[in-house]
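Student: In my numbering, the protein residues as written are 5 to 267.
Glycine included, every Cβ here is placed at the ideal spot set by N, Cα and C.
Owing to the predicted nature of the structure, the values given are computational and were not obtained by experimental measurement.
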């Protein structure tokens, strides 16, 4: 039954994407950019609704009061495709950094261009980072919220953290608060897997890290505060009445946390 529900959800997810993209096209491209945000936000919310109805995977997001009123950097843990869509309905005017090849995809690339994102060439990291900083400076003057995943790529729950330097440079150069976001979504919507598991996916926007800290102090706080909150969510999910399957990385991390608690 779980396999069938996962299969049904995956089919419904992509059908929902295609149908809505086609249906909303006239409105999306004729409406002003900020009003056009309704379309991707509605799609994201409807996708989460499909997940809940079909697979029993519910989303609970807390800490939204920690989002500053003005421009900021939002730094979510990256474990799953879930964390690329779940926060979108709650962010006023999201700004993503993405690889430029995505701009070449029909319809999707046109949608991205309309929303004025930051496409970069990943072939040169130094050049891409400079380009991202320069473009973000310009676009964030309109009170936009830059979303960047500090680890760069999706990692399994409980894996040793691997934060990249890009988030540090953006923090220093842009001079805005950074809001870490913790969750354990990879337990329920695993990366590179077909299955979708029931349960409550909890995420929390943590208190913002104020601008102006030295690079090393900022990086230490970002990693520590994010990982501590993610560890707590991992423990909570593992101790639930019907926990999802735990990958080896999660089992090892839970063993480490148990050993540290017994010292």
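Using the beta-carbon count (16 or more within 10 Å), is residue 180 buried or exposed?
Tutor: buried
Student: Expressed to the nearest angstrom, what Euclidean distance is found between the alpha-carbon atoms of residue 120 and residue 215?
Tutor: 25 Å
Student: List the endpoints of the continuous beta strand (DSSP E) containing residue 149.
Tutor: 149–151
Student: Can you tell me the Cα-Cα spacing of residue 159 and residue 198, whole angstroms?
Tutor: 16 Å
Student: Does DSSP put residue 120 in a helix, a strand or coil?
Tutor: DSSP, reduced to helix, strand and coil, places residue 120 outside both helices and strands of the structure shown, so it counts as coil.
Student: Of all the alpha helix (DSSP H) runs that stay within the bounds of the segment 144–218, which reach a length of 4 or more residues?
Tutor: 170–178
Student: Helix, strand or coil for residue 134, going by three-state DSSP, please let me know.
Tutor: helix
Student: In whole angstroms, give me the CA-to-CA distance for residue 234 and residue 187.
Tutor: 5 Å
Student: Just confirm the distance between the C-beta atoms of residue 209 and residue 68, as a whole number of angstroms; I'd bet it's less than 8 Å.
Tutor: 6 Å
Student: Tell me the rounded alpha-carbon separation between residue 13 and residue 249.
Tutor: 18 Å
Student: Are the beta-carbon atoms belonging to residue 161 and residue 254 less than 8 Å from one another?
Tutor: yes
Student: Alpha carbon to alpha carbon, what distance is there between residue 99 and residue 126?
Tutor: Computed Cα separation, rounded: 18 Å.
Student: Would you say the segment 55–62 touches the segment 134–145, given that touching needs at least three Cβ pairs under 8 Å?
Tutor: No: fewer than three Cβ pairs fall under 8 Å.
Student: Excluding the 5 residues flanking residue 196 on each side, which residues of the same chain have their C-beta closer than 6 Å to its C-beta?
Tutor: none
Student: Below 8 Å, how does it come out for the segment 111–118 and the segment 217–227: are there three or more Cβ pairs, yes or no?
Tutor: no
Student: What's the gap between the Cα of residue 257 and the Cα of residue 163?
Tutor: 7 Å
Student: Between 185, 90 and 23, which has its C-alpha nearest residue 230's C-alpha?
Tutor: It is 185.
Student: Taking only three categories from DSSP, how would you classify residue 62?
Tutor: DSSP places residue 62 in strand when its eight states are reduced to three.
Student: Going by DSSP in three states, residue 71 sits in which element: helix, strand or coil?
Tutor: coil
Student: Can you tell me whether DSSP reads residue 80 as helix, strand or coil?
Tutor: DSSP places residue 80 in the strand class (E or B) of the three-state scheme.
Student: Would residue 22 be called buried (16 or more neighbouring beta carbons within 10 Å of its own) or exposed?
Tutor: By the 10 Å Cβ count, residue 22 comes out exposed.
Student: Could you tell me which residues DSSP pairs with residue 307 in its beta bridges?
Tutor: Any answer about residue 307 is impossible in this case: the structure gives the chain only from 5 up to 267.
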